[in-house]
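Colleague:
2 protein chains.
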Amino acid sequence: MKYCIGVDIGGTTVKMGLFEEDGKILDKWEIVTDTSEEGKAVLPNIASSIAAKISEHGLDKRDVLGIGAGVPAPVNSEGIVNGSANLGWKYKEVKKELEELTGLSAYIGNDANVAALGEMWKGGGEGEKNMIMVTLGTGVGGGVIIDGKMLVGANGAGGEIGHICVNYSEKDQCGCGNRGCLEQYASATGIVRLAKQKLGQEMRSTVLNKEDVTAKDVFDAVKAGDEVAQEIAVEFGRYLGYGLANLAAVVDPAVFVIGGGVSKAGEVLLPYIEKPFMERAFFANKNVRFVLAQLGNDAGICGAAKMVLDAE
Amino acid sequence: MKYCIGVDIGGTTVKMGLFEEDGKILDKWEIVTDTSEEGKAVLPNIASSIAAKISEHGLDKRDVLGIGAGVPAPVNSEGIVNGSANLGWKYKEVKKELEELTGLSAYIGNDANVAALGEMWKGGGEGEKNMIMVTLGTGVGGGVIIDGKMLVGANGAGGEIGHICVNYSEKDQCGCGNRGCLEQYASATGIVRLAKQKLGQEMRSTVLNKEDVTAKDVFDAVKAGDEVAQEIAVEFGRYLGYGLANLAAVVDPAVFVIGGGVSKAGEVLLPYIEKPFMERAFFANKNVRFVLAQLGNDAGICGAAKMVLDAE
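Protein sequence lines, in the order shown, are assigned to chains A and B. Every letter in the first sequence is one number past the one before it in UniProt numbering, and letter 145, counting from 1, is 145. Every letter in the second sequence is one number past the one before it in UniProt numbering, and letter 301, counting from 1, is 301.
#1: Can you check whether the CB of lysine 95 of chain B is closer than 8 Å to the CB of alanine 106 of chain B?
#2: Roughly how many angstroms lie between the CA atoms of glycine 11 of chain A and glycine 141 of chain A, to the nearest whole one?
#3: In the stretch 272-290 of chain B, which residues sit with their C-beta less than 8 Å from some C-beta in chain D, listed in chain order?
#4: I'd like the ranges of any alpha helix (DSSP H) spanning at least 4 consecutive residues and lying wholly in the stretch 69-151 of chain A.
#5: Less than 8 Å between the C-beta atoms of leucine 98 of chain B and lysine 61 of chain B, yes or no?
#6: Does the stretch 33-49 of chain A touch the stretch 271-281 of chain A, meaning 3 or more C-beta pairs lie closer than 8 Å?
#7: Compare the C-beta of valine 114 of chain A against all C-beta atoms of chain B and say whether one is closer than 8 Å.
#8: Using a Cβ cut-off of 8 Å (strictly closer), state whether glutamate 170 of chain B contacts chain A.
#9: Of all the CB atoms in chain A, is at least one closer than 8 Å to the CB of asparagine 76 of chain B?
#10: For proline 44 of chain A, which option in A/Ile25, A/Val14, A/Gly23 has the closest C-alpha, if you only look at C-alpha atoms?
#11: In whole angstroms, what is the alpha-carbon distance linking leucine 247 of chain B and lysine 2 of chain B?
#12: List, in chain order, every chain A residue whose beta-carbon is nearer than 7 Å to that of residue 319 of chain B.
#13: Measuring alpha carbon to alpha carbon, tell me which of A/Gly148, A/Glu267, A/Val255 ends up nearest phenylalanine 219 of chain A.
#14: Please report the residue range of the alpha helix (DSSP H) in which cysteine 302 of chain B lies.
#15: Tell me, please, whether the CB atom of residue 328 of chain A is closer than 8 Å to any CB atom in chain B?
#16: Buried or exposed: lysine 24 of chain B, going by 16 or more other Cβ atoms within 10 Å of its Cβ?
#17: Rounded to whole angstroms, how far is the Cβ of leucine 136 of chain A from the Cβ of alanine 188 of chain A, which I believe are closer than 8 Å?
#18: Have a look at A/Asn82, A/Gly127, A/Leu101, A/Glu100 and flag the residue whose alpha-carbon is nearest the alpha-carbon of residue 327 of chain A.
#19: Do isoleucine 9 of chain B and alanine 69 of chain B have their C-beta atoms closer together than 8 Å?
#20: Mind pulling the alpha helix (DSSP H) runs of 4 or more residues that sit fully within the stretch 11-77 of chain B?
#21: Just to confirm before moving on: does the CB-CB distance between valine 291 of chain A and valine 255 of chain A stay below 8 Å?
#22: With a threshold of 16 other CB atoms inside 10 Å of the CB of alanine 85 of chain B, please say whether the residue is buried or exposed.
#23: How about cysteine 302 of chain B and lysine 122 of chain B: are their beta carbons less than 8 Å apart?
#24: Assign valine 166 of chain B to one of three DSSP states: helix, strand, or coil.
#25: Of all Cβ atoms in chain A, is any one closer than 8 Å to the Cβ of asparagine 209 of chain B?
#26: Any beta carbon from chain A within less than 8 Å of isoleucine 145 of chain B's own beta carbon?
#27: What does the alpha-carbon distance come out to for the pair methionine 120 of chain A and valine 42 of chain A?
#28: So the candidates are A/Met150, A/Leu295, A/Met133, A/Lys28; which of them puts its Cα closest to the Cα of methionine 307 of chain A?
#29: May I ask you to report which of helix, strand or coil DSSP gives arginine 289 of chain A?
#30: Please list, in chain order, all residues of the same chain as lysine 223 of chain A whose beta carbon is under 7 Å from its beta carbon, the five residues on each side excluded.
#31: Mind checking whether phenylalanine 283 of chain A and cysteine 176 of chain B have CB atoms under 8 Å apart?
#32: Between the C-alpha atoms of phenylalanine 19 of chain A and glutamate 312 of chain A, what's the straight-line distance to the nearest angstrom?
#33: Buried or exposed: glycine 127 of chain B, going by 16 or more other Cβ atoms within 10 Å of its Cβ?
#34: Buried or exposed: which applies to methionine 133 of chain B, given that a residue is buried once 16 or more other Cβ atoms fall within 10 Å of its Cβ?
#35: With DSSP run on the structure shown, which of helix, strand or coil describes aspartate 8 of chain B?
#36: Using the C-alpha atoms, what's the distance from glycine 156 of chain B back to asparagine 285 of chain B?
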């Protein structure tokens, strides 16, 4: 039996998993991310944690095929990062350093792309090879899988779907400096923005409170039949569905996997996205399913392990 | 020396080329496309023309690595077409039929995607592996190359970039039934539409004639310094540049290759596209070049030949 390691490097914790080559997770653990001094301890800490875990399981390093790692930054095809705000890194040859520290082969990807690969392997996209994962969290992230492989892009910045423009009339600015980015409507923050705009001019009664509304409040109210909340969800879904219709014309996916904190609202979310998508999608791209992500926080370590297996 | 055949199947003619494996074109020829009776003679005519050409050059069929063919329709990964209006085809197993007819391996792709592969190999995208080709003709077509390979998509309908929405306020309908498609502004037909709208309410003098203006007229007038024409070009470029900025966020290309009839206007076109692109593109995707297509009508046969070489 051969093994591989999946690593999901975040700004607060590093999640790791020990996998059998058939995909079974033998062990999962995490360590704190030490971002001090430009994050110089991040990779050494990962390397020693992996070495200890290999030994704890009585494994021989020669039975470990390699390490995959997702990083919160664009990563080029040589496994090089040109700065990661979350980790404190400047230019870093992540693949090379991790290989030198561990004596194992390493494969590095952007965390959102890697999570998408994980969802294709063992999650919402299982069985498909062309997939777009949309992560609705504080921002909107994404990962695109083409013919079973992550779309990396020339600058390691493929799949940045939160920053496609879905409203050319928008007055407010996105964090990226543009106006009308998908993230301004479909992230948790964006939903709150839409809700506050709506509640500010709303005369009907609603359970939502303009002052401290959250994205979760909105979808809880949707489930409870609150009409105002449902109209906010329609607006959210229209921007997201229209945006995804544009992505579909380029990528022609078999499935959209919807993940991130907002997706915890559950299946109720999907028709709000699918209906406007179908209104706008090019006819040849309508043969596509909308599903929820299934792996939660494990998507990153799963996708990272899959990178190792795909390289074999 | 080994050889391969590139075929570009169009609704009027079939273009073919005999290539050495290093990419040199030994011979180019074309035959008329017989679309009668649901296009049943198209593939047999191609097969006999290739057989004659192989014999004419004194080659042994065993020295021919295979045939690549671009088809005006979505093509799935098994080389199957589910109907092509231009050829009269219904469901057709193109790869299988062509292999049976010729005794050679066949590789089939959508014509726009195949032309993009050709431009990457020997044209405007030479040296790059991540590229978007935009074909500005009667409509707007496209092909996306990711890591050196064509983006085919789950339904064979990847790269349909003419039908991304770039104007959610558009009142006029696109041929596809939607409103605001890129094709409504950036195709030759779309440019005429923009020009007629502009000329209908224009008081300044211009060399353009509202009744019979063409896309070529517009760019000829742009070159001559006509202010009204330049404003039409700005509007064309804004829709196209904004649309390409959205594509870049997904694909992160190193280069955009602009082809098709409209691109015959030449280098004058590029700044009109690049400026609005840079205004709107996500910062991580701005490291991209805009170039003109170089292969003209040969892009299709070149890309088709490259499919054969890539499969080896």
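Built from N, CA and C at the ideal position, the CB exists for glycine as well.
Modeller: This is what the structure gives:
#1: yes
#2: 16 Å
#3: Protein chains in the displayed structure are A and B, and chain D is not among them.
#4: 94-102, 111-122
#5: no
#6: no
#7: no
#8: no
#9: no
#10: A/Val14
#11: 38 Å
#12: Here chain B has residues from 1 to 312 only, and residue 319 of chain B is not among them.
#13: A/Glu267
#14: 299-311
#15: Residue 328 of chain A cannot be examined here, being either before or after the span of chain A that is shown, 1 to 312.
#16: exposed
#17: 7 Å
#18: Limits of chain A in this structure are 1 at one end and 312 at the other, which puts residue 327 of chain A out of reach.
#19: yes
#20: 36-39, 42-56
#21: yes
#22: exposed
#23: yes
#24: coil
#25: no
#26: no
#27: 28 Å
#28: A/Met150
#29: strand
#30: Val268
#31: yes
#32: 14 Å
#33: exposed
#34: buried
#35: strand
#36: 26 Å
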